[in-house]
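So the sequence shown is numbered by UniProt numbering: it starts at 1 and just counts up by one.
From the three backbone atoms N, C-alpha and C, an ideal C-beta is built for every residue, glycine too.
Only a predicted model underlies this, so the values are computations on that prediction, with no experimental measurement involved.
Beneath this line is the structure, given in structure tokens, with notes to follow.
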Amino acid sequence: MAVGKELLNLDPPSIRSTHNIVFVGEGLKQKIKELKNQNSNFSFQIISGDLEYPYGDFQADNVLILNNGFQKVDIRLKYNPAKNKFDILGFKTE
């Protein structure tokens, strides 16, 4: 849940790393900005495992789902023990 909150509160937008995330790419930042412009109220959900093929490749530990009521973004996360943070492996929107 902390990862989701950090993604929604990236300020300034030039931030590339947070306390819980190794690297946040520009594509994901733009998608979250778009979702926030539609509706700033989000619900969070976490599922264990990865997205099904072709979106996942069994490498993610969890999928964080951000839902603003209009769209969802599924963010693939893998824990990086060397950095004690999560790597973002990719995302898809619904």
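| query | result |
| --- | --- |
| Outcome for Gly4 when other beta-carbon atoms lying within 10 angstroms are tallied against a minimum of 16 | buried |
| Backbone secondary structure at Gly49 - three-state DSSP | coil |
| Beta-carbon contacts of Leu51 that lie in its chain and below 8 Å, excluding the five residues immediately before and after | Ala60, Val63, Asp74, Arg76 and Lys92 |
| When Ile21, Gly56, Glu34 and Asn68 are compared against Ala82, the one with the closest alpha-carbon | Ile21 |
| Contact set for Ala2: own chain, Cβ-Cβ below 6 Å, skip 5 residues either direction | Asn20 |
| Proximity winner among Lys85, Phe86 and Glu6, relative to Phe44 (alpha-carbon distances) | Glu6 |
| Residue span of the beta strand (DSSP E) that contains Ile75, given as start and end | Lys72 to Asn80 |
| For Gly90, the three-state DSSP class (helix, strand or coil) | strand |
| Simplified DSSP assignment, three categories, for Lys85 | strand |
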